[in-house]
Amino acid sequence: MDWGKVKFFLGEVFANLTRNAAMQLTAIGSVAVAIAMLGTFLFVQRTAAAVSDQALQQIEVSAFLSDKRDLKADSGLIARTGALPGVAHVAYVSKAQGLKDLRDKLRGEVDTSLLTTNPLPDVLRIRARHVADVPAIADAVKALPGVADVQYAAKTVQRVMNVLGAAQRVGLAVIVLLVLAAFQIISNTIRLTVYSRRREIAIMQLVGATNNYIRLPFIAEGVVAGSLGAAVAVTLLLTAQHELLPALAQLITFIPFPTQAPDLIPLALQLLGAGALVGAIASWISVGRYLRV
Amino acid sequence: MIELRNVSLLYPNGVRALDAVDLKIEKGEFVFLVGHSGTGKSSLLRLLYREQVPTTGDVYVDGIAVHRMRAGAIPRLRRNVGVVFQDFKLLGGKTIWENVAFALQVTGARTKDVMRQVPRCLDLVGLAQKSRMFPSELSGGEQQRAAIARALVNNPKILLCDEPTGNLDPSNTTEIMELLQRINTKGTTVVVATHNQAVVDRMRKRVVRLENGRIVGDEERGFYFLGLGQGQVLSG
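Sequences listed follow chains A and G, in order.
All the letters of the first sequence, read from the start, carry residue numbers 308 to 600 under this note's numbering.
All the letters of the second sequence, read from the start, carry residue numbers 105 to 340 under this note's numbering.
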């Protein structure tokens with residue numbers, strides 16, 4: 308290991324970061340703004356996904372069991388239903404329990420004493436993990452022995468799936484646009500820092516530095532500027548989460564905000580990585596413009 | 105060491121910078137390229153360190169066919185060819201030591217070599233005492249000597265100088281030319297493009313004269329103006 312070389316390289320990176328401090332601050336600032344926008348959007352998207360998941364867990368598939376079925380096979384039926392792909396939860400509601408529930412529900416509105424016989428079947432109430440799985444689960448359950456009929460809110464499921472699909476496509480488009488915008492802003496700013504040093508690049512070429520050697524410090528700078536910018540953005544996001552979310556969560560109790568810090572750490576790491584990567588790529592491209600002979 | 109065969113250089117704007125130039129420079133020679141501004145002196149030098157590629161013709165430097173060289177091979181050529189300019193091209197943010205060391209460091213040289221070569225070159229140009237100063241703190245002549253030290257730090261076989269004294273007063277000019285002469289006597293081939301008549305006439309070296317991109321004269325121990333004095337024309 309030649310420490311003199313390492314020292315020279317780090318010295319070059321550091322000197323350039325500090326010498327063009329104003330320019331580097333601009334780069335860091337624009338990375339921070341871009342990454343903060345992206346991070347906010349990703350956070351909102353994740354929260355929305357959590358909210359919709361929670362709301363959709365209310366959608367149930369009801370399997371009405373035949374009165375003529377083999378009662379001893381019921382525990383096997385419940386187990387088989389629970390083992391179907393996408394099923395989150397299965398509850399068995401007996402005729403008697405069903406009638407009691409109905410009576411409780413209608414009390415005060417209808418004279419339930421008129422219900423002298425029990426017209427209700429035994430029922431399995433099934434919840435899916437994802438709303439998209441509901442139709443498939445319904446079909447699978449219907450085919451099981453002992454199941455007379457299956458019902459679920461088919462129209463609602465279809466509508467929700469359409470909305471979710473559209474939201475996902477729009478969300479993806481917005482993310483792509485934000486990433487492109489961030490990349491543009493960052494690479495333009497880095498191009499300015501490279502431009503301010505085109506003399507240095509020309510001299511390096513003149514004395515026989517290879518293109519890769521010329522690129523290296525610039526890429527290191529891009530990584531440093533990108534990471535610093537992302538770090539600023541992540542700090543902002545974490546602070547916002549820490550300060551604002553508890554208040555929001557109290558106001559809007561039906562939304563399950565991810566208030567625990569660990570929930571955001573993978574997102575924070577992804578954003579830091581994105582900042583560093585974008586900085587490196589932007590530097591690579593910007594320097595390339597001055598390396599053509 | 106240097107050979108141009110039927111070299112023409114046509115710039116995209118239609119200007120013919122060089123026109124069917126044939127030139128041969130042997131190892132260890134000291135050659136002046138003279139002629140008015142815009143006659144192709146700088147263009148000719150640029151061909152030799154592959155800043156320009158000839159439109160037609162062959163360029164050989166130290167046995168390498170520069171005219172058909174891959175871009176990836178350029179750095180190796182440039183480590184063998186030192187270049188000095190009228191405007192010095194020093195980095196203002198670095199000290200003299202750092203400017204000279206830079207040329208070695210960016211080629212990935214070992215620290216041991218940097219520590220040995222830099223003082224040697226600074227000694228050679230007489231700037232050992234001023235190595236910690238910045239270019240702006242030095243006179244023009246001193247800055248040019250620093251630039252020469254930088255050009256020599258890779259131990260090039262060839263030193264190309266494009267109007268090296270264009271920004272200097274007569275006494276600094278004399279110093280720089282004496283320095284170039286000293287470098288030449290140590291075995292480095294030196295090519296100097298200039299339109300400084302006094303310098304050329306005093307040094308009495310080989311003079312290659314360019315006019316409108318053509319070589320119109322080539323004399324051993326020549327003068328700035330064609331055949332001045334002895335009238336000996338050793339066309340080449």
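Using N, Cα and C, we set each Cβ at its ideal position, and we do this for glycine too.
In this text the structure is predicted, and so the values were computed from the model without any measurement.
Which residues bound the beta strand (DSSP E) around I433 (chain A)?
Looking at the DSSP string, the run of the beta strand (DSSP E) that includes I433 (chain A) is V430 to A435.
Return the Cβ separation of S369 (chain A) and I497 (chain A) in integer angstroms, given the expectation that the two are a contact with Cβ distance under 8 Å.
Actually they do not touch by this definition, with Cβ atoms about 59 Å apart.
Taking the alpha carbon of M344 (chain A) as the point to measure from, which residue in A:T388, A:F490, A:G529 and A:K407 has its own alpha carbon closest?
Here the closest residue by C-alpha is A:F490.
Is I508 (chain A) close to chain G, meaning its C-beta is less than 8 Å from at least one C-beta of that chain?
No, no contact with chain G.
List the residues of chain A whose Cβ lies closer than 7 Å to the Cβ of T269 (chain G), in chain order.
Residues of chain A passing the Cβ test: none, with the nearest at roughly 19 Å.
Shortest alpha-carbon distance to A474 (chain A) belongs to which of A:S359, A:G318 and A:F321?
That would be A:S359, whose Cα lies nearest to the Cα of A474 (chain A).
Over what stretch of residues does the beta strand (DSSP E) that includes Q458 (chain A) continue unbroken?
V454 to Q458 is the span of the beta strand (DSSP E), which, as asked, contains Q458 (chain A).
So V338 (chain A) and A575 (chain A) are supposed to be a Cβ contact under 8 Å. How far apart are they, rounded?
Rounded, the Cβ-Cβ distance is 15 Å, inconsistent with contact.
Should A251 (chain G) be labelled buried (16 or more other beta-carbon atoms within 10 Å of its own) or exposed?
Per the 10 Å Cβ criterion, buried.
Could you give the distance in angstroms between the alpha-carbon of I168 (chain G) and the alpha-carbon of N271 (chain G)?
Cα to Cα, I168 (chain G) sits roughly 33 Å from N271 (chain G).
Please return the same chain residues whose Cβ sits closer than 6 Å to the Cβ of A568 (chain A), not counting the five positions on each side in sequence.
At A568 (chain A), the pLDDT of 48 sits below 50, so the modelled position is not reliable; the number obtained from the coordinates is stated separately. Correct list: empty, nothing qualifies.
Can you tell which of G:C225, G:D123 and G:P268 has its C-alpha closest to the C-alpha of K193 (chain G)?
Among G:C225, G:D123 and G:P268, the Cα nearest to that of K193 (chain G) belongs to G:P268.
Run through DSSP, which three-state label would V282 (chain G) get?
Note that residue 282 (chain G) is Glu in the sequence shown here, rather than Val. Helix, per DSSP.
At least one CB of chain G closer than 8 Å to the CB of M511 (chain A): is that the case?
True, the Cβ-Cβ gap to chain G drops below 8 Å.
On the CB-based measure, 16 or more other CB atoms within 10 Å of its CB, does R601 (chain A) come out buried or exposed?
Residue 601 (chain A) lies beyond the range of chain A shown here (308 to 600); nothing can be said about it.
Can you pull the chain G residues whose beta carbon is under 9 Å from the beta carbon of T542 (chain A), in chain order?
Per Cβ cutoff of 9 Å: no residues; T542 (chain A) is ~32 Å from chain G at best.
Is the distance from the Cβ of T293 (chain G) to the Cβ of I129 (chain G) below 8 Å?
Taking 8 Å as the Cβ cut-off, T293 (chain G) and I129 (chain G) qualify as a contacting pair.
At the 8 Å Cβ level, is A537 (chain A) part of the contact set with chain G, yes or no?
Not an interface residue.
Would you check if there are 3 or more beta carbon pairs closer than 8 Å linking the region 575–586 of chain A to the region 541–559 of chain A?
Because the criterion of three Cβ pairs below 8 Å is met, the region 575–586 of chain A and the region 541–559 of chain A touch.
What are the boundary residues of the beta strand (DSSP E) that includes D266 (chain G)?
D266 (chain G) -> beta strand (DSSP E) spans I262 to D266.
Check whether the Cβ of F315 (chain A) lies closer than 8 Å to any Cβ atom in chain G.
With 8 Å as the cut-off, F315 (chain A) counts as an interface residue toward chain G.
If you follow the alpha helix (DSSP H) that T388 (chain A) is part of, which residue opens it and which one closes it?
First-last of the alpha helix (DSSP H) with T388 (chain A): D381 to G389.
Would you list, in chain order, the members of the region 309–338 of chain A that have their beta-carbon closer than 8 Å to a beta-carbon of chain G?
Answer in chain order: D309, W310, G311, K312, F315, A322 and R326.
Given this structure, state the Cα-to-Cα distance separating I342 (chain A) from P392 (chain A), to the nearest angstrom.
Answer to the nearest angstrom: the Cα atoms are 38 Å apart.
Residues of chain A with CB closer than 7 Å to the CB of G212 (chain G), please, in chain order.
The contacting residues are Y520.
Would you kindly work out how many angstroms separate the C-alpha atoms of R308 (chain G) and L330 (chain G), rounded to a whole number?
Rounded to whole angstroms, R308 (chain G) to L330 (chain G) spans 13 Å at the Cα level.
Say whether chain G places a C-beta atom closer than 8 Å to the C-beta of V601 (chain A).
Residue 601 (chain A) is absent from the structure shown; chain A starts at 308 and stops at 600.
Do V304 (chain G) and V135 (chain G) have their CB atoms nearer than 8 Å?
In this structure, V135 (chain G) does not lie closer than 8 Å to V304 (chain G) by Cβ.
Going by DSSP, which residues form a beta bridge with L108 (chain G)?
In DSSP, L108 (chain G) forms a bridge with G:L127 and G:V163.
Hey, is P179 (chain G)'s beta-carbon within less than 8 Å of any beta-carbon in chain A?
Yes, P179 (chain G) lies at the interface with chain A (some Cβ there is under 8 Å from its Cβ).
Reducing DSSP to helix, strand and coil, say where L451 (chain A) ends up.
L451 (chain A) falls in the coil class under three-state DSSP.
So, does the CB of N258 (chain G) fall closer than 8 Å to a CB anywhere in chain A?
At least one chain A Cβ lies under 8 Å of N258 (chain G).
Starting from the Cα of V397 (chain A), find the closest Cα among A:K407, A:L409, A:I335 and A:L384 and give me that residue.
Out of A:K407, A:L409, A:I335 and A:L384, A:L384 has the C-alpha closest to the C-alpha of V397 (chain A).
With distance defined between alpha-carbon atoms, name the residue in G:E155, G:S141 and G:T298 nearest to L113 (chain G).
Minimum Cα distance to L113 (chain G) is reached at G:E155.
Would you tell me roughly how many angstroms separate the C-alpha atoms of G533 (chain A) and G586 (chain A), rounded to the nearest one?
In a straight line, the C-alpha of G533 (chain A) is about 5 Å away from that of G586 (chain A).
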